[in-house]
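Peer 1: The structure follows.
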Amino acid sequence: MAIYLGFDLGTQGLAAIAIEVEGERRRVVFQRSLDFDAEFPRYGTDHGVLPREDPLVAESSPLLWAEALDRMMGLIATEGGFDLARVRAVAGSAQQHGSVYLNHTAGGTLAGLDPGQPLEAQLHGIFTRKASPIWMDSSTAKQCAEITRALGGAEAVARLTGSRAFERFTGPQIRKFEQYDPAAYRRTTTIHLASSYLASLLAGRRAPIEPGDGAGMTLMDLARKAWAPAALAATAPDLAQKLPPLVASDTVVGSLSPYWVRRYGFPEAAVVAWSGDNPCSLIGTGLVAEGAIAISLGTSDTLFGPMEVPRTDPSLAGSVFGSPTGAYMGLVCFKNGSLARERVRDAHRMDWPAFSRALRETKPGNGGALMLPWFEPEITPDVPHAGVRRFGLDAGDGPANVRAVVEAQMMALANHARWMGVSVRELRATGGAAANREILQVMADVFGAPVRQLKVGNSACLGAALRAWHADELAQGRKPAWPDVVAGFVEPEEPAIRPAPDRAALYDEMREVYAAAEAHALGKGPHPGEALAQFRSRFGTLR
Ligand code: ADP
Ligand code: XUL
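Just add 53 to the spot in the sequence shown (first one is 1) and you have the numbering used here.
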């Protein structure tokens, strides 16, 4: 019976899953994750991020990622509990936008890895840049402005690439690298995404990029799913030679290289193009047709849903990426996700059970107390400098701050997803914090829709494994339909978490107040004092 492997390079760790498939029989046979800070302390990461002086800079280590992949392959071989010869194909998901810079020796090194030595020890000479900028970086405002100007304005960039130029996107990051270290840029022969870098390590050769992750670079023509010459020219010299080719998401890019075969006993299984964590999560939550959305509460909070044809966000807050199905997906991303919830939890010396208790013991609407949870610079909306704002909220009141941060996050998700034009009948929740039913209750109440947890919590990792299976079927000349591929794996847990009907009016009004508070903080509207007073007079007694 065939086994398919999926990996997920998250911000804070690497996860893997193995699924077994034969006919109607489908099951998860292995699941494991490795936390970067705990398992690889010598890199000195904090939540997977290297220490940095500038709060706008966020980087991680491509050597750490390689070491984690090597360790995980070893664990699958020793603890997987299945005959490795059954592994037919491997695919992966990776945090989006992060980039890896390689020199001319990389090809030879990857093709000739010595199975007697650890992977990481053999890679030190292949990089032109030791650290990889990751999605949490917001240090490229200048480069975004330059690229935007060269391409004729933010709307033009969004029409071409699916998104305006965001600071975390790869193109602005590449431009910054070229400006700060032109000699190292010139020595760079390949610029990978985290996804194509890890696929290259597995295949022992330069792996291509696919349109799910490629759309997060400000370099891809979204409609044509090809590199956009104007965007490349606006970004850095000679970029076309340094980027891997773009291929369809279901492309087999090679097979497991001799390193993995000899070191751990894997077969020469197919390596399928890796994609971004959000495109993979779309598959792993079962969203293969338009009309439904999912929310991932990972390190970032994201909301996403499938789209048949790309419709860009007129407010330019959202993004459109390729979907692994060949269609498209809309996405809104928030930097102040799990780490903001952790900041509130830790400030009030709580653990997750105490955090949940605080949500149970406080009332919807928080008596009109409101927070703008910008512990870090925010992506949605664009908040360049961190700064938490509180309205009628005592910073020392633990339970009220817990409710305030979660209500704020859910209202921001709901407000900034309106452009997708999806009437939300049901939400699927995934990511680390989706294990928390009290957080999901606030989600259900704010959206006024039932929320379903999924049986497999890491949907990005599951989505990667399902992509491996789908591509392997295609490679054998079959035509698997996506609904059949995801069936049996993405069924939600019962029962759903239902919204309390008496909360709909409250959150409808509170979402407007929240939008006003946000606009005010961005210098685009009056102080929300009056709106808050009205809200309190109608709902404040609920405290
Ligand atoms: P990534 O997006 O990096 O892959 P995960 O999806 O693994 O991250 O989510 C990790 C986060 O999940 C942690 O930072 C933690 O804050 C959060 N988390 C884990 N368990 C809980 C819980 N019970 N309640 C709330 N948050 C949780
Ligand atoms: C999406 C984004 C994050 C990362 C990390 O645009 O920046 O969701 O993919 O998970």
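From the three backbone atoms N, C-alpha and C, an ideal C-beta is built for every residue, glycine too. What you are looking at is a predicted structure, and each value in this text was computed from that prediction instead of being measured.
Can you tell me whether residue 233 is buried or exposed, with buried defined as 16 or more other CB within 10 angstroms of its CB?
Peer 2: Numbered from 1 along the sequence shown, position 180 holds the residue referred to as residue 233. Exposed.
Peer 1: In or out: residue 131 buried (at least 16 other Cβ within 10 Å) or exposed?
Peer 2: Sequence index remark: in the sequence shown, residue 131 carries index 78 (1-based). Exposed, because fewer than 16 other Cβ atoms sit within 10 Å of the Cβ of residue 131.
Peer 1: Tell me the residue span of the alpha helix (DSSP H) that contains residue 463.
Peer 2: In the sequence shown, the residue the question calls residue 463 occupies position 410. Run containing residue 463: 451-469, per the alpha helix (DSSP H) assignment.
Peer 1: Taking the straight line between their C-alpha atoms, what separation do you get for residue 596 and residue 577?
Peer 2: On the sequence shown, residue 596 is found 543 positions in, with the first residue counted as 1. On the sequence shown, residue 577 is found 524 positions in, with the first residue counted as 1. Because residue 596 carries a pLDDT of 46, less than 50, the predicted location of this residue cannot be relied on, and the following value inherits that uncertainty. Residue 596 and residue 577: Cα-Cα distance of roughly 30 Å.
Peer 1: Can the beta-carbon of residue 341 be found less than 8 Å from the beta-carbon of residue 320?
Peer 2: Against the sequence shown, residue 341 aligns to sequence position 288. Against the sequence shown, residue 320 aligns to sequence position 267. Against a cut-off of 8 Å, the Cβ pair of residue 320 and residue 341 comes out as no contact.
Peer 1: Comparing the C-beta of residue 580 with each C-beta of chain C, is any distance below 8 Å?
Peer 2: Among the chains of the structure shown, chain C does not appear; only one protein chain is present.
Peer 1: Using 8 Å for Cβ pairs, my map puts residue 329 next to residue 487. What's the rounded Cβ distance?
Peer 2: Mapped onto the sequence shown, residue 329 falls at position 276. Mapped onto the sequence shown, residue 487 falls at position 434. With 8 Å as the limit, residue 329 and residue 487 do not qualify as a contact, their Cβ atoms being about 19 Å apart.
Peer 1: I need the straight-line Cα distance from residue 220 to residue 385, nearest angstrom please.
Peer 2: Along the sequence shown, read from residue 1 onward, the residue named residue 220 stands at position 167. Along the sequence shown, read from residue 1 onward, the residue named residue 385 stands at position 332. Looking at the two C-alpha atoms, the distance is approximately 14 Å.
Peer 1: Quick one: what's got a C-beta closer than 6 Å to residue 671's C-beta in the same chain, skipping five residues either side?
Peer 2: The first residue shown for the chain is 54 and the last is 596, placing residue 671 beyond what the model contains.
Peer 1: Does the beta-carbon of residue 386, which I'm using as the reference point, lie nearer than 7 Å to any heavy atom of the ligand XUL?
Peer 2: Locating residue 386 in the sequence shown gives position 333, counting from the first residue. Answer for residue 386: yes, Cβ within range of the ligand XUL.
Peer 1: With DSSP run on the structure shown, which of helix, strand or coil describes residue 273?
Peer 2: Start at 1 with the first residue of the sequence shown, and residue 273 comes out as number 220. If DSSP states are grouped into helix, strand and coil, residue 273 belongs with the strands.
Peer 1: So what's residue 523 in DSSP terms, helix, strand or just coil?
Peer 2: The residue you call residue 523 lines up with position 470 of the sequence shown. Residue 523 falls in the helix class under three-state DSSP.
Peer 1: When you compare only the Cα positions, how much space is there between residue 467 and residue 383?
Peer 2: Taking the sequence shown and counting its residues from 1, one reaches residue 467 at position 414. Taking the sequence shown and counting its residues from 1, one reaches residue 383 at position 330. Approximately 14 Å between the Cα atoms of the pair.
Peer 1: Whole angstroms is fine: what's the gap from residue 585's alpha carbon to residue 415's?
Peer 2: By 1-based counting over the sequence shown, the position of residue 585 is 532. By 1-based counting over the sequence shown, the position of residue 415 is 362. Taking the straight line from one Cα to the other gives about 18 Å.
Peer 1: Can you grab the Cα-Cα spacing for the pair residue 405 / residue 569, in whole Å?
Peer 2: What you label residue 405 is simply residue 352 of the sequence shown in a count that begins at 1. What you label residue 569 is simply residue 516 of the sequence shown in a count that begins at 1. Each residue's alpha carbon lies about 31 Å from the other.
Peer 1: With DSSP collapsed to three states, give me the class of residue 187.
Peer 2: Position 134 of the sequence shown, counted from the start, is the residue given in the question as residue 187. In this structure, residue 187 counts as coil in the three-state DSSP scheme.
Peer 1: How many angstroms separate the CA atom of residue 283 from the CA atom of residue 418?
Peer 2: In the sequence shown, counting from the first residue as 1, residue 283 sits at position 230. In the sequence shown, counting from the first residue as 1, residue 418 sits at position 365. Approximately 48 Å, taken between the alpha carbons.
Peer 1: So what does DSSP say about residue 584, is it helix, strand or coil?
Peer 2: Here residue 584 corresponds to residue number 531 of the sequence shown, with the count starting at 1. Looking at residue 584 - three-state DSSP - the assignment turns out to be helix.
Peer 1: Is the closest heavy atom of the ligand XUL to the C-beta of residue 331 under 7 Å?
Peer 2: The sequence position of residue 331 within the sequence shown is 278, counting from 1. Flag set: Cβ of residue 331 near the ligand XUL.
Peer 1: For the beta strand (DSSP E) that contains residue 101, what are its first and last residues?
Peer 2: On the sequence shown, residue 101 is found 48 positions in, with the first residue counted as 1. Segment: none, residue 101 is in no beta strand (DSSP E) and carries neither H nor E.
Peer 1: Going by DSSP, what residue range makes up the beta strand (DSSP E) through residue 245?
Peer 2: Residue mapping note: residue 245 aligns to position 192 of the sequence shown, counting from 1. It spans 243-246 - the beta strand (DSSP E) in which residue 245 sits, taken as one unbroken run.
Peer 1: So, do the segment 383-402 and the segment 421-440 have three or more beta carbon pairs nearer to each other than 8 Å?
Peer 2: Yes, they touch.
Peer 1: According to DSSP, is residue 596 helix, strand or coil?
Peer 2: Along the sequence shown, one-based indexing puts residue 596 at 543. Bear in mind that the predicted position of residue 596 carries a pLDDT of just 46, short of 50, making it unreliable; the figure below should be weighed with that in mind. Note: residue 596 maps to coil in three-state DSSP.
Peer 1: Under a three-way DSSP split, which group does residue 232 fall into?
Peer 2: Residue numbering aside, residue 232 sits at position 179 when the sequence shown is read from its first letter. It is helical.
Peer 1: Does DSSP classify residue 506 as helix, strand or coil?
Peer 2: Numbered from 1 along the sequence shown, position 453 holds the residue referred to as residue 506. Residue 506: strand per DSSP, three-state reduction.
Peer 1: What ranges does the beta strand (DSSP E) occupy inside the segment 108-148, keeping only unbroken runs of at least 3 residues that lie completely in it?
Peer 2: Counting whole runs of 3 or more residues, the segment 108-148 contains the beta strand (DSSP E) stretches 140-147.
Peer 1: Among residues of its own chain, excluding the 5 on either side of residue 372, which ones have a beta-carbon nearer than 8 Å to its beta-carbon?
Peer 2: Locating residue 372 in the sequence shown gives position 319, counting from the first residue. Here the set comprises 215, 216, 219, 268, 269, 366, 383, 384, 385, 386.
Peer 1: Assuming residue 299 and residue 280 are in contact, meaning their beta carbons sit under 8 Å apart, how far apart are those beta carbons, in whole angstroms?
Peer 2: To locate residue 299, count along the sequence shown from 1; it is residue 246. To locate residue 280, count along the sequence shown from 1; it is residue 227. That pair is a contact at about 6 Å.
Peer 1: With DSSP collapsed to three states, give me the class of residue 161.
Peer 2: Taking the first residue of the sequence shown as position 1, residue 161 is located at position 108. Helix, per DSSP.
Peer 1: Roughly how many angstroms lie between the CA atoms of residue 212 and residue 86, to the nearest whole one?
Peer 2: Position 159 of the sequence shown holds residue 212. Position 33 of the sequence shown holds residue 86. Cα-Cα distance, rounded: 38 Å.
Peer 1: Please list the terminal residues of the continuous beta strand (DSSP E) segment that includes residue 79.
Peer 2: For the purposes of this step, residue 79 is identified with residue 26 of the sequence shown, where counting begins at 1. Taken as a continuous stretch (DSSP letters only), the beta strand (DSSP E) holding residue 79 covers 78-88.
Peer 1: Should residue 195 go down as buried or exposed, given a rule of 16 or more other Cβ atoms within 10 Å for buried?
Peer 2: Here residue 195 refers to the residue found at position 142 of the sequence shown. Classification for residue 195: exposed.
Peer 1: From residue 230 to residue 103, what does the alpha carbon distance come to, in whole angstroms?
Peer 2: As a first step, residue 230 must be located in the sequence shown, where it is residue number 177. As a first step, residue 103 must be located in the sequence shown, where it is residue number 50. Cα to Cα, the separation comes out at about 17 Å.
Peer 1: Any idea if residue 259 is buried or exposed, counting beta-carbon neighbours within 10 angstroms, 16 or more meaning buried?
Peer 2: Sequence index remark: in the sequence shown, residue 259 carries index 206 (1-based). Per the 10 Å Cβ criterion, buried.
Peer 1: What is the DSSP secondary structure of residue 282, reduced to helix, strand or coil?
Peer 2: Numbered from 1 along the sequence shown, position 229 holds the residue referred to as residue 282. The answer is helix: DSSP assigns residue 282 an H, G or I state.
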